Every structure is written in C-alpha cells, then in structure tokens.
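Peer 1: Residue numbers (my numbering), protein chains in the order written: chain D, 1 to 280; chain V, 1001 to 1280.
We treat Cβ as the ideally placed atom computed from N, Cα and C, and that holds for glycine.
These numbers were taken from a predicted model, which means no experiment stands behind them.
Number of protein chains: 2
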Amino acid sequence: MFIYHTIAEVRRYVREARSIGQSIGLVPTMGYLHEGHLELVRQAKKRCDKVIVSIFVNPTQFGPGEDLERYPRDLDRDARLSEGVGADVIFNPPVAEMYPAGYCTYVDVERITEHLCGQARPGHFRGVATVVTKLFNIVRPDVAFFGQKDAQQALVINRMVADLDMDLEVVTVTTVREPDGLAMSSRNVYLEPEQRRAALALSRSLRRAEEVFQAGERDAARIRQLVIDMIKKEALLEIDYVEIYSHPELEPIDQIEGPALLALAVKTGRARLIDNTVLR
Amino acid sequence: MFIYHTIAEVRRYVREARSIGQSIGLVPTMGYLHEGHLELVRQAKKRCDKVIVSIFVNPTQFGPGEDLERYPRDLDRDARLSEGVGADVIFNPPVAEMYPAGYCTYVDVERITEHLCGQARPGHFRGVATVVTKLFNIVRPDVAFFGQKDAQQALVINRMVADLDMDLEVVTVTTVREPDGLAMSSRNVYLEPEQRRAALALSRSLRRAEEVFQAGERDAARIRQLVIDMIKKEALLEIDYVEIYSHPELEPIDQIEGPALLALAVKTGRARLIDNTVLR
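Given below as structure tokens:
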C-alpha cells in the first residue's frame, strides 16, 4: 500500500492504473478509522480494481468552537487498518496542499442543507461539498463510497454529483454499529463510560420508531415525540435536533407517505453524536 | 460536424474520441458567435484533436432585469461559422438539460468576484462558475479556451480550476477587435449607429491609458481619471465602472508596480459593454 501526501502523486498513481484499464474506488474519510470506514473500503474493493482512502481532517467543514483541533488522528493505525481490508493507497494531504494561500472557491448545495446538521452547523456542508469536489477532481474515481450514518451528507453528495454532472457513481453503505447498537463514529472516542451508556438511547429510540412505523403509525409529529421522550430520559444527553423529513428531498412532512428520514443529533459532554433511520 | 442537445450524446462522443487517444478542446460560449469566438475555436483546433463548442445562454449568470430574454440567438448561423473554423461538435443543451427541476448546487469563487462585474452584476460569476464546472464535468476537456475580453471571467475560471483541482488547462486568448478598435461582443448587435460610434471611446481610452503607462505613469488614480474623462466626453455613454486592480489577484492598488488590470463597463442604450487592458 502507498501513502501519498501530494495531489501530484495520487494523480500519477491513478493515471497509471487507468492506463491499464483499472477502475478506481474512492473512500473519503477524516481518518481515525473504525469498522464503518473499513466496511466502505471492503465494498469499494468488491467493486473497483484499486481503492484509494483519503484521510483528511477538512478544516472548512468545522465551524468556530467545533472539535477541529482535538479531532482524533492516528495515521499509522489508519494505514494498518486500511491495508488489512485491501486499500491500495492512502491519500493524506497536509492542509496547505488542499487549501493553499489565496484559496477562495466553494461548492454550495442549497435547500437540502437548510435543515438538520446544515442548520445546526452553518457552513458544514459547504466545506463537505467543497472538499469532496476537490477529492473527486484529484482522484476521478469511478465509484465513491459514503456511510449512511451521515445521511444528510450522503444526500448532499448525491445531489451535488447529479447537479454538477460529475461522472461517477455514489454508493451509500449501511451504518455499522457496535454490538449494543451505538453507531460507529470516530467521535465515540470522546465518550466517558456513563455517556457511552446513555448514548445507547439514540439507536434504541430509532429502533422503537421503526417498530411503531411498521405497526402503522404515519404521524411524523408523534414518531418524533416518541424519540424525544426516550432520549430525554437520559439526563446526560442534550438534544440538538430530532427531525423527520421526506427522503431524499428533505422536505418537511406531517404524514409519512413515501420514504422519510428520521435523523437526530445529541450532545453529551464533549461529543456530538448523530444517528438516523429511513422509514419506508 | 455534430450538433448535440443532450449530455449523454456529448459524453458518448468524448468517450469514443478519448478511446482512440484524441485530445479534447472546449470553447464555452453563449452563441451568436463573432470573430472573437471563432479565434477561440481556431486556437483550440491548433492544440486539440477534437473541438467542442458549447452554445448555451446560461440563465444563472443573468441577474433580474438583465438581457436574458433578448440575448441574441442563431444556432444555424453559429453552426455554419463553427464548422468553417474546424469545430467538431456543437453542444447546445436546452435549459432543462442543464438545470432540471430541483437543481440546487452552485460554485462560488470569492474575493476576486467582489469588484468590477462581480459588484455590478451580483450572482453573475456564481452562474458562470457553476455552468463552466458543469461543462468541464460533461466534456472533461484537456484544454478550455476563454477570451481576454471577459478578463475577470478568465481570472475567475483560472482561480476555480486551481482551487478545485480541475485537471485541465485554461487558455486565455487575446481580445479580437473590429478594425476601428471596438471589442467584439455578441451584445454589439444592440448598438444603434450613434451608440456604436460613441462606444469607440472605450478602446480609445484604453489605448491612451497604455500610452501614458508606457511613458512612465504609475499612479492608478490618474490613469483611471484619464479614462473616465475620455469616456465622459461621449454623451451617449454612461459609466458603470472604470477600475484598476492588481492582476491576477484583483486587489486594490494605488501605485502600479506589477501587472494591473484596467477594466471598464459602460452602458449605452440597451447595451452594456465591457473592455479592458492589462498594464505591464
């Protein structure tokens, strides 16, 4: 496996692979890989000849006061784990390689970024769309892989790819969970043991919402309230949002008629956790 | 020569050309081609095996009250002229092919779009950057050609290509002028004979500014005032802006030390005309 820190090196690798007819899969990450990321790499390896994992803690998607500085980083561990599941290249650029002095271009996906994490983290999806556009232009992958845990991000990327006529396929991979239901996240490392236990209310409330939906409940407000009530029972959790929108348009709904995204964000201690399910 | 109206057709053409090792040049235009456009096509043909001319009056780069509806269009004439200078493909999509229902993604180049036409036409360069990104993703050209007449546009495209890591070369081609000095523009068709005569003050004042610059004048305010005074002598002209900025950064300057863009925009009747020169 190769570890590249410059755009030129990755481009050279991709050009050579393409010249012998190989397909390229891209797994964009911020590193500190967990089983969710590794599943993306495995899926990529099934679909593509060569798999490039980008590891870049992207400053433009962090707001003021967020956890950019303390976001966990461990390239050696990430390299070992990536290689173990078949990655061919890690692309780990320094910030100045991605955003050199004078940088001033950004990609904005409107409307579907107005709610949920887009509202809670202004500018977040602008940073995501921008860095993903750059990664797509650097790697020119045939297929790119994203996790369903970041449901709104996956929708934003899909919208951007369609709108800007990017010639690649986006695959969204099911959220990987700990055995007790907690969605895998690099930020789980922030959790103290009691917070970790309290955080199980996230997946538990989503499972309960799925049950009542399957039992016939279609009233979005009632399902939302059920989730809020379950999370509020945990004193260590502070709700950022619990919302239901149409999927994939992310439009407000009262009655669930088509697929609907039930998404939530919760703070506990230093961690902000998100999780979601699509009711259909 | 082929005329395509869908993205799928252009992509198929490009894929086949690439598969036999041919290079692709792109000349993005809004049609109603003049000698300036044709020079872009000639330059493209010199550099690339296949030349694609896009003809698309892009609604997202027009502001409210601008000339989107009456912008001149004549595809038959454009096809004849393009073929005459060696174009291989015209890409002429309908608006719904480029901006289907639900479209919501835009590319923003900041800072260098704050002045000049960016200030006079809010949102204009957002529309330009967005449609050019789309055209680049559709055609994936090796080289794209733009005219120096739209100096700020050329700088915005160059900045965007660098910032977003677009893997192509941008060539800026010298402004083509009528024998009397008027810069070629599709909008010259709006000019009544007296306006056409008055409009010569644009290129005349730029030539005069070049002379005093070459004679040693480095004070930006004095050069600017000289141009303003010459244009104001023409009662039919209304100045939109006359400005001098550093080139290519477009930062305000008092003394001209490095290259500087002297750019102007003037209204006369229904037409808004722009012209510029780089003092170096």
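Straight-line CA distance for V:Val-1156 to V:Phe-1125?
Peer 2: Each residue's alpha carbon lies about 8 Å from the other.
Peer 1: Run down chain D in chain order and give the residues with a C-beta less than 8 Å from the C-beta of V:Asn-1137.
Peer 2: What V:Asn-1137 touches in chain D: Leu-164, Asp-165, Met-166, Asp-167.
Peer 1: Skipping 5 residues on each side, what residues in its chain have a beta carbon closer than 6 Å to that of V:Ala-1044?
Peer 2: Around V:Ala-1044: Gly-1025, Val-1027, Val-1051, Phe-1145.
Peer 1: At the level of alpha carbons, what is the spacing between D:Ile-3 and D:Glu-97?
Peer 2: Rounded to the nearest angstrom, the two C-alpha atoms are 15 Å apart.
Peer 1: Residue ranges of each alpha helix (DSSP H) run of no fewer than 4 residues wholly in the region 1006-1064 of chain V, ordered along the chain?
Peer 2: Entirely contained in the region 1006-1064 of chain V, the alpha helix (DSSP H) runs reaching 4 residues are, in chain order, 1007-1019, 1035-1047.
Peer 1: So, under 8 Å CB-CB, D:Gly-241 and D:Ala-260 are touching, yes? Tell me the CB distance rounded to an integer number of Å.
Peer 2: Before going further, note that residue 241 of chain D is Tyr rather than Gly in the sequence given. Contact flag wrong, Cβ pair sits at about 15 Å.
Peer 1: Please list the partners that D:Lys-134 has in chain V, where partner means a Cβ-to-Cβ separation under 7 Å.
Peer 2: Residues of chain V passing the Cβ test: Leu-1164, Asp-1165.
Peer 1: Return the residues of the region 1069-1101 of chain V that lie within a Cβ-Cβ distance of less than 8 Å from chain D, sorted by chain order.
Peer 2: Hits within the stretch: zero.
Peer 1: In angstroms, rounded to a whole number, what distance separates the CA positions of D:Arg-121 and D:Gly-63?
Peer 2: Rounded to the nearest angstrom, the two C-alpha atoms are 7 Å apart.
Peer 1: Do we get a CB-CB distance below 8 Å when we pair D:Val-128 with the residues of chain V?
Peer 2: Output row for D:Val-128: interface = no.
Peer 1: Using DSSP's beta-bridge definition, name the partner residues of D:Gln-255.
Peer 2: Answer is D:Asp-219, bridged to D:Gln-255.
Peer 1: Would you say D:Glu-66 reaches chain V, if we count a Cβ-Cβ gap shorter than 8 Å as a contact?
Peer 2: Judged by the 8 Å Cβ criterion, D:Glu-66 is not in contact with chain V.
Peer 1: With DSSP as the reference, label V:Tyr-1188 as helix, strand or coil.
Peer 2: The sequence given here places Asn at residue 1188 of chain V; Tyr does not occur at that position. Note: V:Asn-1188 maps to helix in three-state DSSP.
Peer 1: Which value, in whole angstroms, describes the spacing of the CA atoms of V:Ala-1221 and V:Val-1212?
Peer 2: Approximately 13 Å between the Cα atoms of the pair.
Peer 1: Name the DSSP bridge partner or partners of V:Asp-1275?
Peer 2: V:Asp-1275 pairs with V:Leu-1264.
Peer 1: Do three or more CB pairs link the region 1101-1113 of chain V to the region 264-274 of chain D at distances below 8 Å?
Peer 2: Judged by Cβ distances under 8 Å, the region 1101-1113 of chain V makes no contact with the region 264-274 of chain D, as fewer than three pairs qualify.
Peer 1: If distances are taken between C-alpha atoms only, which option among D:His-37, D:Gln-61, D:Arg-218, D:Ile-228 comes closest to D:Ala-87?
Peer 2: It is D:His-37 whose Cα lies nearest to the Cα of D:Ala-87.
Peer 1: Can you tell me the Cα-Cα spacing of V:Arg-1042 and V:Val-1085, whole angstroms?
Peer 2: Straight-line Cα distance between these residues: approximately 6 Å.
Peer 1: Ignoring anything shorter than 3 residues or poking outside the region 80-141 of chain D, list the beta strand (DSSP E) runs there in chain order.
Peer 2: For the region 80-141 of chain D, whole beta strand (DSSP E) runs of length 3 or above, ordered along the chain, are 89-91, 105-109.
Peer 1: Look at the alpha carbon of V:Arg-1140 and the alpha carbon of V:Leu-1116, and state the distance between them as a whole number of angstroms.
Peer 2: Their backbone Cα atoms lie some 30 Å apart in a straight line.
Peer 1: Under a CB-based cut-off of 8 Å, is V:Met-1160 close to chain D?
Peer 2: Yes, its Cβ sits closer than 8 Å to a Cβ of chain D.
Peer 1: Which class does D:Ala-198 belong to by DSSP, given the choice of helix, strand or coil?
Peer 2: D:Ala-198 falls in the helix class under three-state DSSP.
Peer 1: V:Asn-1137 and D:Asp-167: beta carbons closer than 8 Å?
Peer 2: Contact: yes.
Peer 1: Using a Cβ cut-off of 8 Å, which residues of the region 100-123 of chain D contact any Cβ in chain V, in chain order?
Peer 2: Here the close residues are Gly-102, Tyr-103, Cys-104, Thr-105, Tyr-106, Val-107, Asp-108, Val-109, Glu-110, Arg-111, Ile-112.
Peer 1: Thinking just about the alpha-carbon of each residue, which of V:Glu-1243, V:Leu-1264, V:Ala-1263, V:Pro-1248 is nearest to the one in V:Asp-1254?
Peer 2: When only C-alpha atoms are compared, the closest one is V:Glu-1243.
Peer 1: Would you tell me roughly how many angstroms separate the C-alpha atoms of V:Asp-1275 and D:Gly-102, rounded to the nearest one?
Peer 2: Approximately 26 Å, taken between the alpha carbons.
Peer 1: How is the alpha helix (DSSP H) around D:Val-242 delimited, first residue to last?
Peer 2: Run containing D:Val-242: none in the alpha helix (DSSP H); it sits in the beta strand (DSSP E), 238-246.
Peer 1: Check the Cβ-Cβ distances between V:Ile-1007 and every residue of chain D, and say whether any is below 8 Å.
Peer 2: Yes, V:Ile-1007 counts as interfacial toward chain D.
Peer 1: From V:Tyr-1013, V:Gln-1148, V:Glu-1192, pick the residue whose C-alpha is nearest to that of V:Ala-1183; which is it?
Peer 2: For the residues V:Tyr-1013, V:Gln-1148, V:Glu-1192, the minimum Cα distance to V:Ala-1183 belongs to V:Gln-1148.
Peer 1: Pick from D:Thr-29, D:Ser-186, D:Ile-223, D:Val-161: whose alpha carbon is nearest that of D:Arg-177?
Peer 2: For the residues D:Thr-29, D:Ser-186, D:Ile-223, D:Val-161, the minimum Cα distance to D:Arg-177 belongs to D:Ser-186.
Peer 1: Do D:Ile-256 and D:Leu-226 come within 8 Å of each other at the CB atom, strictly closer than that value?
Peer 2: Not in contact: D:Leu-226 and D:Ile-256 (Cβ atoms no closer than 8 Å).
Peer 1: Exposed or buried, which one is V:Gly-1258 when buried takes at least 16 other CB atoms within 10 Å?
Peer 2: That one is exposed.
Peer 1: Can you check which of these residues, D:Leu-264, D:Ala-215, D:Ile-223, D:Ala-199, is closest to D:Lys-233 by C-alpha distance?
Peer 2: Checked all of D:Leu-264, D:Ala-215, D:Ile-223, D:Ala-199; the closest Cα to D:Lys-233 is D:Ala-199.
Peer 1: By Cβ distance, which residues of its chain are closer than 7 Å to V:Ala-1151, with the 5 residues on each side in sequence left out?
Peer 2: Hits under 7 Å: Leu-1261, Ala-1263, Asn-1276.
Peer 1: According to DSSP, simplified to helix, strand and coil, what is V:Val-1176?
Peer 2: Note: V:Val-1176 maps to coil in three-state DSSP.
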